[in-house]
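First residue of the sequence shown? That's 1 in the UniProt record's numbering, and the numbers climb one at a time after it.
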Amino acid sequence: MNLPVKTGLTILKNLPLEEVVKMIDWKMYLVTWDFRTNEARMSKEADELLRDSRILLDRVVKESLLSIDGAVRIEKARTVDYDDILLYDDKEAPIMVLPMLRRQIPRMGHCPSLADYIVSEDNEPSEPGLDDYMGFFAVTSSKNLEEALKLFPEDDLYSPLLLKSLADRLAEAGAEYIHSKVRREIWGYEKGRELSPDEMLKEAYQGIRPAPGYPCCPDHTGKQDIFDLLEAEKNLGISLTESYMMQPAASVCGYIFASEKAKYFPVGKIGEDQLESYALRKGMDQREIRRWLSVNLND
C-alpha cells in the first residue's frame, strides 16, 4: 500500500509561478487556438501566437499578475459492492461513498472501473494499518484575473484573449504541479523521484488523476463530491454552476489514484442495467443521470 505522509486537507496558496509555467502544455495551448499540431509546426501565425504568449507570460510571472491556489485531500478508501469507493476516517466512520461506472464492452478481455484501483472489502490488507487511500484536488488560476484584465487598454482586444487562454493553461499546469507535489511530498509514493516537465506531460509517473467528465468517469456530477470534500468555494473561491461548469473558468479538479496498475480507459457505452444501478447508488433520478450520461447510453 502507498501510505501517505499526510492525510486530510492541505491548502496550497500562491503556487510558484516560475515552476508552474514549466509545466504548460504548449501543444494543447495551440489546439485551443484552433491550430492542429501538424499545422502548428509550419504556421507563421502559430509562431507569432507563441511569441506573443510567452512575452505576456513573462510579464505575468515578473509582475505576479495571476496567482494559482490549490487544495488536496487524501483519505482512507476501500471498494465496496464492486463499483463503489467508500471513504472513511481513522475511526472507521464513513465520510462519503463515490459510485463509479464500469466498462461493459470488454476491451482486451477486461471491463475496468476506477473502483478497481482501490483495495476492495473482499481483499483487505493482510497487515493491520495498511489501508488504501484516495486523493482529491482542485486548482484555480483565476484569483486575480479580472484585475489583470483591466491593465490592458480598451482598444486592445488581443491581449485579454491571450491572458485568458494562458490562465486556462496555467490551471492545467497547476494541476500537474500539485500532482507532482502529492506524489513526492504530501502522499509521498514517489518520494525523491524527479521528473522533467516533458516527462510529466508524457505521464511517466505512477498513478493517474482523472477528472469527472473524463472517458473513465464521464459523469460531471462527480465534481460536486470533490468540491464538498475540499470545501472548494470556501478555500479556493471556486464554485459549480447548475451545469457543473467550474467558476471561475480557469479551474481544474479531479481524483488521484496512486496504484501502479491505474490506467486511463474509456467507459464507453453502458446498458440500462448499469444506468439503473448507478442512479440508485448515486441517489439521483434516472432521468437526471441519463442527461449527464447521454453520450454513454446505447441508442
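Idealized CB from N, CA, C, for every residue including glycine.
Limits of the unbroken alpha helix (DSSP H) element including residue i
i: Arg184; result: That residue, Arg184, is in no alpha helix (DSSP H); it is neither H nor E in DSSP.
i: Tyr117; result: That residue, Tyr117, is in no alpha helix (DSSP H); it is neither H nor E in DSSP.
i: Asn235; result: Ala232 to Leu236
i: Asp198; result: Pro197 to Leu201
i: Glu18; result: Leu17 to Val20
i: Met23; result: Per DSSP, Met23 belongs to no alpha helix (DSSP H) and is neither H nor E.
Inter-residue CB distance, residue i and residue j (contact presumed, cutoff 8 Å)
i: Arg169; j: Asp25; result: 7 Å
i: Lys282; j: Pro99; result: 5 Å
i: Tyr177; j: Pro210; result: Actually they are not in contact, since the Cβ atoms of Tyr177 and Pro210 sit about 17 Å apart, beyond 8 Å.
i: Phe136; j: Leu229; result: 5 Å
i: Leu50; j: Val267; result: Incorrect: roughly 35 Å between the Cβ atoms, too far for contact.
i: Ala173; j: Val21; result: 7 Å
i: Arg59; j: Leu65; result: 7 Å
i: Ala138; j: Ala71; result: 5 Å
i: Asp225; j: Met96; result: 6 Å
Residue burial classification, residue i (beta-carbon count within 10 angstroms, cutoff 16)
i: Ile68; result: buried
i: Ala204; result: exposed
i: Asn298; result: exposed
i: Ser126; result: Interpretation of Ser126 is limited by its pLDDT of 46, a score under 50 that renders its predicted location unreliable; the figure taken from the coordinates is listed afterwards. It is exposed - the Cβ of Ser126 has fewer than 16 other Cβ atoms within 10 Å.
i: Glu276; result: exposed
i: Ala93; result: exposed
i: Tyr214; result: buried
i: Glu75; result: buried
i: Gly254; result: buried
DSSP state of residue i mapped onto helix, strand, coil
i: Asp285; result: coil
i: residue 303; result: Missing from the structure shown is residue 303; the chain here goes from 1 to 299 and no further.
i: Lys91; result: coil
i: Gln224; result: helix
i: Val61; result: helix
i: Leu3; result: coil
i: Met245; result: coil
i: Asp84; result: strand
i: Ser126; result: Confidence at Ser126 is low in this model, with a pLDDT of 46, below 50, so its placement is unreliable and the value that follows should be read with caution. Of the three classes helix, strand and coil, the one that applies to Ser126 here is coil, per DSSP.
i: Arg54; result: helix
First through last residue of the beta strand (DSSP E) which encompasses residue i
i: Asp69; result: Asp69 to Val80
i: Met134; result: Asp132 to Thr140
i: Ile11; result: Gly8 to Leu12
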